[in-house]
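Student:
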């Protein structure tokens, strides 16, 4: 069943992975493999089929039941009592029998029912925050898996191109050897290059299959079907500073939910303070006297516990300490986030610098070197070995570029998950 997304997309200042997103509807299991899958489709499939949503929904329903139960008044107690019968002397037989029928009702004081209901409502609200955090976690999982598939797919394409060029070089070398223009060792070297590329291609294909299996598992699809993804990882013109990212943390889901925790513990404290006031128990009924041809009278009573020893002081103390600890828990969590954010930012900065350097400096130089080697080979100035070496250097840089993009995307995904702004209002 199609599950609608719980929260709308947030506008983020960190726009980084610019995937080619079409206007096509979300994919279903039956459509996977028919067309390349983009990121939005991959994310929606994961959101629609993640059992954790159902788990949160059921837990929330259970909490909703507790809200309902908290607002229920105590039940009255109906009682009957018989005395002065089957004894000896004046109370032998049933001549002196007395039978009392009555109802006892506990009257809650200090507004306990309202406070109890408010506490359960605050607990119910925590599941809304849990659902929002779950969506953020799922998006991070899908983004990471999607990037791995995308880069593995590009790596396979790169290996296939390398193999094609190696086979072409082998064919050319075999022709030169047959015409006695190159030694036999050159053919052996070219054959080894083909075998090496075949090995590397098989290795890349295994990595590709593993990455697709990881992504498909997020859709609940095992074994993974045959499918491709489409998209592009684009480097930003510049990356945000660590100060800019740290300034966003107070507005994130992770830290905002501590306000919900504070309200919940405040409600718990107020309830414990109210429980220090004892409830009143009232009783009313009728009593039948069997002697003297039967007489009837009414009885009534009231009972109030005397808080001589137990004034709920221990529970109140614990509730106050729990309320005070919220700020320390929040600050501790904020420091953990800062450490994780700083680590991810450093990885992002390093990957960004590597990718920019390869893209702007090394790749153009490698292309020029290859073009010069090919031109020199055609003129007879260089051997084919020079061309092969230049080509291998170019492809090695392309592989390094893909690896840098992968590190960039992974770090950026972690940062976005850490700095995702909350969409809920307290």
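In mature numbering (1 follows the signal peptide of the UniProt record, and there is no 0), the protein residues as written are -28 to -1, 1 to 398.
C-beta atoms are modelled at their ideal positions from N, C-alpha and C, and glycine is treated no differently.
(1) Which partner residues of residue 270 appear in the DSSP bridge assignment?
(2) From which residue to which residue does the beta strand (DSSP E) around residue 54 run?
(3) To the nearest whole angstrom, what separates the beta carbons of residue 52 and residue 262, a pair I think is in contact under 8 Å?
(4) Let me know the secondary structure DSSP gives residue 359 once reduced to three states.
(5) When burial is assigned at 16 or more other CB atoms within 10 Å of the CB, is residue 290 buried or exposed?
(6) Give the straight-line distance between the Cα atoms of residue 212 and residue 316, rounded to the nearest whole angstrom.
(7) Which residues mark the beginning and the end of the beta strand (DSSP E) in which residue 70 is found?
(8) Output needed for residue 320: all residues of its chain with C-beta closer than 7 Å, excluding positions within five of it in sequence on either side, in chain order.
(9) Could you tell me how far apart the beta carbons of residue 75 and residue 269 are, in whole angstroms, since I believe they sit closer than 8 Å?
(10) I'd like the ranges of any beta strand (DSSP E) spanning at least 3 consecutive residues and lying wholly in the region 272 to 325.
(11) If we count the other Cβ atoms within 10 Å of its Cβ and call it buried at 16 or more, is residue 171 buried or exposed?
(12) Just the C-alpha distance for residue 131 and residue 93, rounded to the nearest angstrom, thanks.
(13) Exposed or buried, what is residue 160 when buried is set at 16 or more other beta-carbons lying within 10 Å of its beta-carbon?
(14) For residue 108 versus residue 225, is the C-beta distance shorter than 8 Å?
(15) What do you reckon, are the CB atoms on residue 134 and residue 180 nearer than 8 Å?
(16) Nearest-angstrom Cα distance between residue 339 and residue 196?
(17) Report buried or exposed for residue 50, applying the criterion of at least 16 other Cβ atoms within 10 angstroms of its Cβ.
(18) What residue does the alpha helix (DSSP H) around residue 37 start on, and which one ends it?
(19) Quickly, what does DSSP pair residue 224 with across the bridge? List them, please.
(20) State the Cα-Cα distance for the pair residue 309 and residue 275, rounded to the nearest angstrom.
(21) Do residue 191 and residue 47 count as a contact pair if the criterion is CB distance below 8 Å?
(22) Give a yes or no on contact between the region 353 to 367 and the region 247 to 255, applying the rule of three or more CB pairs nearer than 8 Å.
(23) For residue 166, write down the residues that DSSP places opposite it in a beta bridge.
(24) Looking only at C-alpha atoms, which of 60, 185, 232 and 64 sits nearest to residue 95?
(25) DSSP three-state call for residue -5: helix, strand or coil?
(26) Would you give the residue range spanned by the alpha helix (DSSP H) that residue 205 belongs to?
(27) So is residue 81 buried or exposed if we call it buried at 16+ other beta carbons inside 10 Å?
(28) Per DSSP, which one or two residues make a beta bridge with residue 252?
(29) With 16 other CB atoms within 10 Å as the buried threshold, where does residue 411 fall?
(30) Say whether chain D places a C-beta atom closer than 8 Å to the C-beta of residue 269.
(31) Would residue 187 pass as a contact of residue 118 if the rule is Cβ separation under 8 Å?
(32) Classify residue 8 as helix, strand or coil using the three-state DSSP reduction.
(33) Kindly give me the distance between the Cβ atoms of residue 368 and residue 326, rounded to whole angstroms, as I take these residues to be in contact under 8 Å.
(34) Looking at residue 302: is its Cβ nearer than 8 Å to the Cβ of residue 221?
(35) State the Cα-Cα distance for the pair residue 36 and residue 234, rounded to the nearest angstrom.
Tutor: Put simply:
(1) 258
(2) 49 to 55
(3) Not a contact, Cβ separation roughly 15 Å.
(4) helix
(5) exposed
(6) 12 Å
(7) 70 to 79
(8) 211, 380, 383, 384 and 387
(9) Residue 75 to residue 269, Cβ: 16 Å. No contact.
(10) none
(11) exposed
(12) 58 Å
(13) exposed
(14) yes
(15) no
(16) 38 Å
(17) exposed
(18) 23 to 42
(19) 393
(20) 54 Å
(21) no
(22) no
(23) Residue 166 pairs with nothing; no bridge assigned.
(24) 232
(25) Model confidence at residue -5 stands at a pLDDT of 42, short of 50, so the residue's coordinates are unreliable; what they give is reported in the following sentence. In the structure shown, residue -5 sits in coil (DSSP, three-state: anything other than H, G, I, E or B).
(26) Looking at the DSSP string, residue 205 is not in any alpha helix (DSSP H), and its letter there is neither H nor E.
(27) exposed
(28) 79
(29) The requested residue 411 is not part of the displayed model; the chain covers only -28 to 398.
(30) Included in the structure is just one protein chain, with no chain D present.
(31) yes
(32) coil
(33) About 14 Å; that fails the 8 Å criterion.
(34) no
(35) 20 Å
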